[in-house]
Every structure is written in C-alpha cells, then in structure tokens.
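Chemist: Counting in our numbering, the sequence shown tops out at residue 350, every number present. Here a beta-carbon is modelled for each residue, glycine too, at the ideal position from N, C-alpha and C. The model shown is predicted, which means the values in this text are computed figures rather than measured ones.
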Amino acid sequence: MSEKDFLPINGTDYVEFYVGNAKQAAHYYQTAFGFQPLAYAGLETGLKDRTSYVLQQDKIRFVLTTSLVPDSDIAEHQKQHGDGIKVIALWVDDARKSFEETVKRGAKPYLEPVVEKDEFGEIVRSGIHTYGETVHIFIERKNYNGPFLPGFKKWEPSYRPKDTGLRYVDHMVGNVDWGQMNTWVDFYSDVMGFHNIISFDDKDISTEYTALMSKVMSSGNGYIKFPINEPAKGRMKSQIEEYIDFYHGSGCQHVALATDNIVTTINELKSRGVEFLHVPDSYYDTVTDRVGIIEEDLNILKNLRILIDRDDEGYLLQLFSKPVEDRPTVFFEIIQRKGAKSFGKGNFKALFESIELEQGLRGTL
Ligand code: FE2
-14 MSEKDFLPIN GTDYVEFYVG NAKQAAHYYQ TAFGFQPLAY AGLETGLKDR TSYVLQQDKI
46 RFVLTTSLVP DSDIAEHQKQ HGDGIKVIAL WVDDARKSFE ETVKRGAKPY LEPVVEKDEF
106 GEIVRSGIHT YGETVHIFIE RKNYNGPFLP GFKKWEPSYR PKDTGLRYVD HMVGNVDWGQ
166 MNTWVDFYSD VMGFHNIISF DDKDISTEYT ALMSKVMSSG NGYIKFPINE PAKGRMKSQI
226 EEYIDFYHGS GCQHVALATD NIVTTINELK SRGVEFLHVP DSYYDTVTDR VGIIEEDLNI
286 LKNLRILIDR DDEGYLLQLF SKPVEDRPTV FFEIIQRKGA KSFGKGNFKA LFESIELEQG
346 LRGTL
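1) Taking only the alpha-carbon atoms, compute the straight-line gap between Phe20 and Thr168 and give it to the nearest angstrom.
2) Rounded to the nearest angstrom, what separates Ile183 and Val201 at their Cα positions?
3) Just verifying my parser: in three-state terms, what is the DSSP assignment at Lys326?
4) Identify which residue in Glu227, Val248, Leu197 has its Cα closest to the Cα of Lys218.
5) Hey, quick one: how far does the alpha helix (DSSP H) through Phe305 stretch, first residue to last?
6) Tell me Arg242's beta-bridge partners as DSSP assigns them.
7) Cβ of Asp270 less than 8 angstroms from any chain B Cβ?
8) Per DSSP, Lys200 forms a beta bridge with which residues?
9) Only counting the same chain, and skipping five residues up and downstream in sequence, which positions put a Cβ closer than 6 angstroms to that of Lys101?
10) Could I get the ranges of all uninterrupted beta strand (DSSP E) runs contained in the segment 67 to 152, with 3 residues as the minimum, in chain order?
11) Contact defined as beta carbons within less than 8 angstroms: I believe Ile279 pairs with Tyr300. What is the distance between those atoms, to the nearest angstrom?
12) Quick check: does the Cβ of Ala217 come within less than 7 angstroms of any heavy atom belonging to the ligand FE2?
13) Counting C-beta neighbours from all protein chains within 10 Å, is the total for Arg275 16 or more, i.e. buried, or is it exposed?
14) Quick one: what's got a C-beta closer than 7 angstroms to Ser204's C-beta in the same chain, skipping five residues either side?
15) Identify which residue in Gln41, Lys138, Tyr25 has its Cα closest to the Cα of Tyr(-1).
16) Taking Gln224 as the reference, which of Thr(-3), Leu292, Tyr13, Lys307 has the closest Cα?
17) Between Lys127, Gln15, Val54, which lies nearest to Leu32 when the distance is taken from Cα to Cα?
18) Return yes when the C-beta of Phe328 is under 7 angstroms from any heavy atom of the ligand FE2, and no when it is not.
19) May I ask whether a heavy atom of the ligand FE2 can be found less than 7 angstroms away from the beta carbon of Glu318?
20) Just the Cα atoms here: how many angstroms apart are Asp58 and Glu281?
21) According to DSSP, is Ile(-6) part of a helix, a strand, or is it coil?
22) Please classify Arg290: does DSSP put it in a helix, a strand, or coil?
23) Spatial neighbours of Ala26 within its chain, please: C-beta separation below 6 angstroms, excluding the five flanking residues on both sides.
24) Is any heavy atom in the ligand FE2 found nearer than 7 angstroms to the beta carbon of Ala74?
25) Within 10 Å of its beta-carbon, does Asp155 have 16 or more other beta-carbons around it, so buried, or fewer, so exposed?
26) Is any heavy atom in the ligand FE2 found nearer than 7 angstroms to the beta carbon of Val100?
27) Using the Cα positions of Arg295 and Lys330, report the straight-line distance between them to the nearest angstrom.
28) Quick check: does the Cβ of Pro26 come within less than 7 angstroms of any heavy atom belonging to the ligand FE2?
29) Give every residue of the same chain whose Cβ lies closer than 8 angstroms to the Cβ of Met(-14), excluding the five residues on either side of it in the sequence, and list them in chain order.
30) I'd like the list of long-range same chain contacts for Tyr14, defined as Cβ closer than 8 angstroms, with 5 residues on each side in sequence excluded.
31) With respect to 7 angstroms, is the separation between the Cβ of Ala325 and the closest non-hydrogen atom of the ligand FE2 below this value?
32) If you measure from the CB of Ala335, is any heavy atom of the ligand FE2 nearer than 7 angstroms?
33) If you drop the 5 nearest sequence neighbours on each side, which residues of the same chain put their C-beta closer than 6 angstroms to that of Tyr232?
34) Run through DSSP, which three-state label would Ala60 get?
35) Taking only runs that begin and end inside the segment 0 to 38, name each unbroken alpha helix (DSSP H) of 4 or more residues, in chain order.
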C-alpha cells in the first residue's frame, strides 16, 4: 500500500438482523444453517425494549434482534424493510479513531464512541451510516474477553444441531437505488479508504430481460469486500429493483459465507431445508469448456446444482439460496474459493435466468 490505511479493519465482527421474531429466527439459523448459540440479551438481562440472540459458526457471528415495544427504531425498521440487515459490524483496533477518521471524511455519525464495561473488561463502540438505513458499527474488543459484548450473557440451550462447515463472511453485497452506485462507491473509497477491485456493467450482467451494474469495494487489507449493485434498464424488472421495491429502499442483499468443503456444506444445508436457486441441466453441459479441469466430481456438483467459475488465479464454487424471508429480499451465498478472488461473473447469466423464473412465479418480473 502506498498510503497508510486510515481505517484498518481486522474482519467482520458481526451481522445484526432486525427481525419480527428473534426467538424463531434463532431456531432457523441453528437448525437450518448450523449456527451455535453464543449469547443472549433480553428481559432476563435487564433489557425492557428488545431481545437479541447471538449465534456463531467459526468466525461468523449473527445477532438476531426483535423489538418488544411498538415504537422503536427496531420496530420501525422491521415494519419498513421486513426482516433485514441493520448492522454490518467491523472489528477494529481503535473504534474512536475509526469514528473520527470516517466522520472527518464525510460519514454521517450513527453512534458517538461509547465505552461499555462488565466483569469481562471493556468494549469501545462507535458507528456511522451507510446505504439506506444500514449502519457500520466499529467494535474495539482488545480489552474484552466476555462471550460477546457487555450486557449479554452466555446463551446455553441444550438444543445444538451440529454446524454445517461455514467458516467466515466472504463478502456482503449492498443493493442501492437507481443512479446511486457511484455515490456509494465514492463513499467507500473517500470515507472508508476502500478501493474498487472489480466492475461489471449491464453488458457483463444481462439476460434477455434484466440487467444490473456492480462494483466491488475492498478494504485496504482485503479482509472486507462490499460489492455494490444498482439496477440497470432491461426489458423486464431487474432483480435489484425487485429487492428495492420490497425492501423499501437500499439495503444489504446477500451475505456470502465461505466453506472449505462446499459439497458437505450444501448437502447439510439442503437436508435441513435451506432452499437454493436451481440452474438447468444444460448449465453442466458446457461448464467444463468454460472452467477447465477442476478437482471435484462434476456429477456430484451437478446433483447439488453447485455453480463453478474461473478467473486468472483459480476457480470458485458457489450457490445462492432463495430469499430467507417472505419478502424477496435478503438471501445467502455459499462459496468455496480455490484460488479465485472474483465473484462468479461467469455464472451470472445462468443465475439470473433462474432468478427470473422465480420472479415470474412471484409476478414481479
Ligand atoms: Fe456474492
């Protein structure tokens, strides 16, 4: 790096979803995705207005939060957006400096730096707004060794389905409204010191019907990657536009979760009821021409409908879930990287045709 990184980030600290029923959502992420119970806060820990369950799988932490009262930011968020991602929390060494450096460069403050303590030590938190009503919270935890954050107690239910091999957050994608992609690309570049590593336009990503544009922003050290999508004009409604319509604004579209063995992980997820997009048989007729030799048995990949793509550095295996709530909004990607550092551009056409089939069923194409 030529210039000093003014916002060094160690990784994704947690992803917080505001949901209608955190208790049931926690059961879903335990049962279907194999997340392990970690921490809890609610009436029993002295909170009066909300409940949060924290689940973990290797380096991935999800927080599921529900409002207990009708008039709160959480209730309002849930009413507007349905179940959705409110917080993309970033693990930093200095939360005060992260706040100062980003606000100085134009970030809108969300949370002034605050120190929180309990018997396990102290945490410093601060936060800024990003696209839509989504926020980034900076978490400094070097002086803390509790289960999650002060105010949370260990959550130790006896029900513990085993994990599914998910390891870390690979990337998180933001869908922004018409004409806003470059505004948010500039935000990540100017305010957070990220750089643009990949761009796609509607010529790269379009089918007969729908199109989108995307730019991938990466933190200085490459630990955090945020593709930003904007709808593009096609003959029919773009899947990004469908998201924006149902989310009522810009928001996080998908979280990509990495695994070291996608065959095992997808087998587990499917057997537990997670639903994935389905590409046709014909995808596998030509995939070898496009990606060359791979280590995995193509028949096994075909049976599980796992997608393959290659770039200059290697290949990747990936699969996309259907939306995980009733609104066609947030979904998950499961990804295994075998050298490739890209995002599966070669699969977009097949995928979008699959998504269009689903949109057709929803009457939203
Ligand atoms: Fe992705």
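Modeler: Judging by the given coordinates:
1) Going by the C-alpha atoms only, they are around 35 angstroms apart.
2) Going from the Cα of Ile183 to the Cα of Val201 covers about 5 angstroms.
3) Here Lys326 carries a coil assignment [DSSP, helix/strand/coil].
4) That would be Leu197, whose Cα lies nearest to the Cα of Lys218.
5) Taken as a continuous stretch (DSSP letters only), Phe305 belongs to no alpha helix (DSSP H), being part of the beta strand (DSSP E) at 299 to 305.
6) Note that residue 242 is Leu in the sequence shown, not Arg. For Leu242, which the question treats as bridged, DSSP gives the partners Val154, Ile319.
7) Reference to chain B is not applicable here, since this structure consists of a single protein chain.
8) In the DSSP output, where bridge partners are listed per residue, Lys200 has Ser184, Ile213.
9) In the sequence under discussion, the amino acid at residue 101 is Glu, which differs from the Lys named in the question. Same-chain partners within the cutoff: Ile108, Pro135.
10) Segments of the beta strand (DSSP E) lying fully in the segment 67 to 152: 69 to 77, 94 to 103, 106 to 114, 120 to 125.
11) At roughly 6 angstroms, the Cβ-Cβ gap stays under 8 angstroms, so Ile279 and Tyr300 are in contact.
12) No, the Cβ of Ala217 stays beyond 7 angstroms of every heavy atom of the ligand FE2.
13) When all chains shown are included, Arg275 counts as exposed.
14) Closer than 7 angstroms at Cβ, skipping near neighbours: Ile(-6), Phe179.
15) Checking every option, the nearest Cα to that of Tyr(-1) belongs to Gln41.
16) The shortest Cα separation from Gln224 among Thr(-3), Leu292, Tyr13, Lys307 belongs to Lys307.
17) The shortest Cα separation from Leu32 among Lys127, Gln15, Val54 belongs to Val54.
18) The answer is yes for Phe328.
19) Distance from the C-beta of Glu318 to the nearest heavy atom of the ligand FE2 is below 7 angstroms.
20) Rounded to the nearest angstrom, the two C-alpha atoms are 47 angstroms apart.
21) Looking at Ile(-6) - three-state DSSP - the assignment turns out to be coil, as it is neither helix nor strand.
22) Looking at Arg290 - three-state DSSP - the assignment turns out to be coil, as it is neither helix nor strand.
23) In its chain, beyond the 5 residues on either side, Leu32, Ser37, Gly136, Phe137 have a beta carbon closer than 6 angstroms to the beta carbon of Ala26.
24) Relative to the ligand FE2, Ala74 has its C-beta separated by 7 angstroms or more from all heavy atoms.
25) Classification for Asp155: buried.
26) Residue side-chain check: Val100 keeps its Cβ at 7 angstroms or more from all non-hydrogen atoms of the ligand FE2.
27) Rounded to the nearest whole angstrom, the C-alpha separation of Arg295 and Lys330 is 9 angstroms.
28) Note on identity: in this sequence residue 26 is Ala, with Pro being the wrong assignment. Distance from the C-beta of Ala26 to the nearest heavy atom of the ligand FE2 is not below 7 angstroms.
29) Residue confidence is low: Met(-14) scores 46 on pLDDT, short of 50, so the model does not pin down where it sits. No coordinate-derived value is stated.
30) Sequence-distant partners of Tyr14 (beyond 5 residues in either direction) whose C-beta falls short of 8 angstroms from its own C-beta, in its chain, are Phe20, Leu40, Phe47, Leu49.
31) Flag unset: Cβ of Ala325 not near the ligand FE2.
32) Not so, every heavy atom of the ligand FE2 lies at least 7 angstroms from the Cβ.
33) His66, Thr314, listed in sequence order.
34) Correct three-state label for Ala60: helix.
35) Runs of the alpha helix (DSSP H) inside the segment 0 to 38: 7 to 16.
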